[in-house]
Structure formats: structure tokens, C-alpha cells
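Residue numbers (our numbering), protein chains in the order written: chain A, 418 to 599; chain B, 142 to 249. C-beta atoms are modelled at their ideal positions from N, C-alpha and C, and glycine is treated no differently. Presented below is the structure to which this report refers.
Rendered as C-alpha cells:
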């Protein structure tokens, strides 16, 4: 999961982890500009708290944890904003646009449409299931790495993944059933 | 109806597998340069704020120190000014000793 890196050399650390942090943030936010801003905030947080890193966890686990927490915070903020956006139709339009336009750019061209439907379903999952599913499918972490990042046991992650898949099946089944009825 | 259910299930499975082969996206070009710029901006923003905090603290400490100094070291000038005011307004203040002395003088 992590290559040896000198944590006192912030530039080396940032260059080594920038792709992973950006990809993780993009997996949650699915908006390139938001993901870049958030990734920079993640590294600013790392810069501020580097001296507090005691080495109890792997550096990569610690960085993923910060990236996940920041992403969840940003999603909550976005949700709150969306809740109040009816006050200004301009903002409502922007949210609607961002929800339609943004699919993870790493998705294969032939899967884009389906992936868009799947991402909308992922948005409706409970937070913990969303984190486990995103880290597994978008960032490609294994269950052990996800468990370390989420402070959980491997069996808890397995259970979260199982529930996430079941919930996604239900959401997607309802979506396609409605689609066929129309 | 059965056919319809099978179709939907196939759609669901295909959609669940749509993230297969997803490529990890690389951070945008000059990501670190922009990060460095942001860190420097932050430093510039934090420094004046810290200066104001220190200046406020020093002023507060000086005001407190002056207050304590005045409280524990009332200057002679202040006392004489008070006496002058007392005299001017006839605010004569007698103690029990003054009364005793007055009674002794009267009895003599």
C-alpha cells in the first residue's frame, strides 16, 4: 500500500500521494475542480499535522483517512447547500448541472452511461457503506487496507461491502423497473 | 413478466460491473505548484493575524501591570491632591484619637 517515504520531506510526500488523494476525492465528489480544491486542503491538513503523525498507522493509511474525512465533510456541506439552494434558482441550476455532468473521468467510454446511474445510486448509500464501496471500486484498495483506513475489522468491511451491494441492487432494480414502466 | 424481471436483473448486474476497468485518474498538471502557492498564501495570511494577537496580548499585559502598579504604589502627589480637595470642600475627617485629643483639650 505504501512505499517508504521520508515524511519530513513534504514535497516528496505530496508528489508521491497526489494522484491517490486526488483520485479518492474525485471518487467521492465527482467534480474535477472540487476534487482538486479538496485534495489541496487534504495536503494542507497533512502539512499542518505532519509533526503529530506518530507512525502508529502506515503513512498511506493516515493520508487516506484524512482524504476520506475531508471528502465526507465536503459531501455533507454540499448536501446542506443543496437543501437551501431552492432560495436561489441560479444555485439550484448549478447543482442540477453538476449532478448530471460529472462522472468519474476514469470510467471506460462504453460504461459512462451505466456508471452515471451507478454513481447516483452510490450517493444514496449510508456513509460507511459508501466509503467502503468507493475505496474498493474507485481507489482499488483491498479489504485489509480499507479496514485500516476506516478503523474497522476486515469482517466489518466485508459486511459493509455486502450490505452496500445489496442496497445498490435494490436501488438499481427500482430505477430500471421505473424506467421500463415509462 | 418473467422476461421483464430477467432483463432488469441483467441491467442491474451490468450497471454494478460498470466500474470494472476504471483507471486511476492522475492529479492535474502543476498540482504541487498550486499547492505550494496556497501554502505560502496561508502563511502570509496567518502571520499578520498572529502579529495582531501578540500586540493585543502585550497591550493587555501593560494595562494590567500599570493598574497593579498604581494600586500598590499610590504616589505622594495623588495623596496631596486628595488632601487639597478635602480642604477645599471642607471634608474634614476625624478619627477617635482626634475626639479624645479634643476632649482632653476642652477639659483642661
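Apart from the five residues on each side of it in sequence, which residues of its chain come closer than 8 angstroms, Cβ to Cβ, to residue 246/B?
Translated into the one-based positions of the second chain, residue 246/B becomes position 105. Contacts found: none.
Can you name the residues of chain A whose CB is closer than 8 angstroms to the CB of residue 197/B?
The residue labelled residue 197/B in the question sits at position 56 within the second chain. Those do not exist, as residue 197/B stays about 24 angstroms from chain A at its closest Cβ, beyond 8 angstroms.
Distance check for residue 198/B and residue 441/A, CA to CA, integer angstroms please.
Along the first chain, read from residue 1 onward, the residue named residue 441/A stands at position 24. Along the second chain, read from residue 1 onward, the residue named residue 198/B stands at position 57. C-alpha separation (whole angstroms): 43 angstroms.
Any beta carbon from chain B within less than 8 angstroms of residue 516/A's own beta carbon?
Taking the first chain and counting its residues from 1, the one referred to as residue 516/A is at position 99. Its pLDDT being 48, under 50, residue 516/A is placed unreliably by the model, and the measurement read from it follows with that caveat. No, because no Cβ of chain B sits closer than 8 angstroms to the Cβ of residue 516/A.
Using CA coordinates, which residue listed in 591/A, 463/A and 595/A is at the minimum distance from residue 434/A?
For this step, residue 434/A is matched to residue 17 along the first chain. Closest by alpha carbon: 463/A.
Does chain B have any CB closer than 8 angstroms to the CB of residue 560/A?
Taking the first residue of the first chain as position 1, residue 560/A is located at position 143. No, no contact with chain B.
Express the C-alpha separation of residue 214/B and residue 223/B in angstroms, rounding to a whole number.
Along the second chain, read from residue 1 onward, the residue named residue 223/B stands at position 82. Along the second chain, read from residue 1 onward, the residue named residue 214/B stands at position 73. Approximately 15 angstroms, taken between the alpha carbons.
Taking residue 533/A and residue 163/B to be in contact with their CB atoms under 8 angstroms, please state how far apart those CB atoms are, rounded to whole angstroms.
In the first chain, residue 533/A corresponds to position 116, counting from 1. In the second chain, residue 163/B corresponds to position 22, counting from 1. Their Cβ separation, rounded to whole angstroms, is 13 angstroms, which puts residue 533/A and residue 163/B out of contact at 8 angstroms.
Can you pull the chain A residues whose beta carbon is under 7 angstroms from the beta carbon of residue 180/B, in chain order?
Your numbering for residue 180/B matches position 39 in the second chain. Per Cβ cutoff of 7 angstroms: 461 and 464.
Evaluate residue 560/A with the Cβ neighbour count: other Cβ atoms within 10 Å of its Cβ, from every protein chain shown; 16 or more gives buried, anything less gives exposed.
In the first chain, residue 560/A corresponds to position 143, counting from 1. Counting Cβ neighbours within 10 Å, residue 560/A comes out buried, since at least 16 surround it.
Should residue 472/A be flagged as near chain B, meaning a C-beta pair shorter than 8 angstroms?
The sequence position of residue 472/A within the first chain is 55, counting from 1. Not an interface residue.
Can you have a look at residue 566/A and say buried or exposed, based on whether 16 or more other CB atoms are within 10 angstroms of its CB?
If you number the first chain from 1, residue 566/A lands on position 149. Residue 566/A is buried by the Cβ-count criterion.
Residue 542/A to residue 201/B, Cα distance in whole Å?
Taking the first residue of the first chain as position 1, residue 542/A is located at position 125. Taking the first residue of the second chain as position 1, residue 201/B is located at position 60. Near 53 angstroms, if we compare the C-alpha coordinates of residue 201/B and residue 542/A.
Which residues mark the beginning and the end of the alpha helix (DSSP H) in which residue 535/A is found?
Residue 535/A sits at position 118 when you count from the first residue of the first chain. Residues 529–539.
Cβ of residue 183/B less than 8 angstroms from any chain A Cβ?
By one-based count along the second chain, residue 183/B stands at place 42. Cβ-Cβ to chain A under 8 angstroms: yes for residue 183/B.
Decide if the region 482–493 of chain A is in contact with the region 581–595 of chain A; the criterion is three or more beta carbon pairs, one per stretch, under 8 angstroms apart.
No, the region 482–493 of chain A does not touch the region 581–595 of chain A.
Taking DSSP as the reference, what is the three-state secondary structure of residue 521/A?
For the purposes of this step, residue 521/A is identified with residue 104 of the first chain, where counting begins at 1. Three-state DSSP puts residue 521/A in coil, outside helix and strand.
Would residue 243/B be called buried (16 or more neighbouring beta carbons within 10 Å of its own) or exposed?
Here residue 243/B is taken as the residue at index 102 of the second chain, counted from 1. Exposed, since its Cβ has fewer than 16 Cβ neighbours within 10 Å.
Looking at C-beta atoms only, is the number of pairs between the region 465–478 of chain A and the region 569–582 of chain A that lie closer than 8 angstroms three or more?
The region 465–478 of chain A vs the region 569–582 of chain A: no contact.
Hey, how far is the Cα of residue 145/B from the Cα of residue 546/A?
Your numbering for residue 145/B matches position 4 in the second chain. Your numbering for residue 546/A matches position 129 in the first chain. About 29 angstroms.
Whose C-alpha, out of 152/B, 166/B and 226/B, is nearest the C-alpha of residue 525/A?
For the purposes of this step, residue 525/A is taken as the residue at position 108 of the first chain. Comparing Cα-Cα distances from residue 525/A to each of 152/B, 166/B and 226/B, the minimum goes to 166/B.
Exposed or buried, residue 521/A, counting other C-beta atoms within 10 Å across all chains shown (16 or more means buried)?
Along the first chain, read from residue 1 onward, the residue named residue 521/A stands at position 104. Its Cβ being crowded by 16 or more others within 10 Å, residue 521/A is buried.
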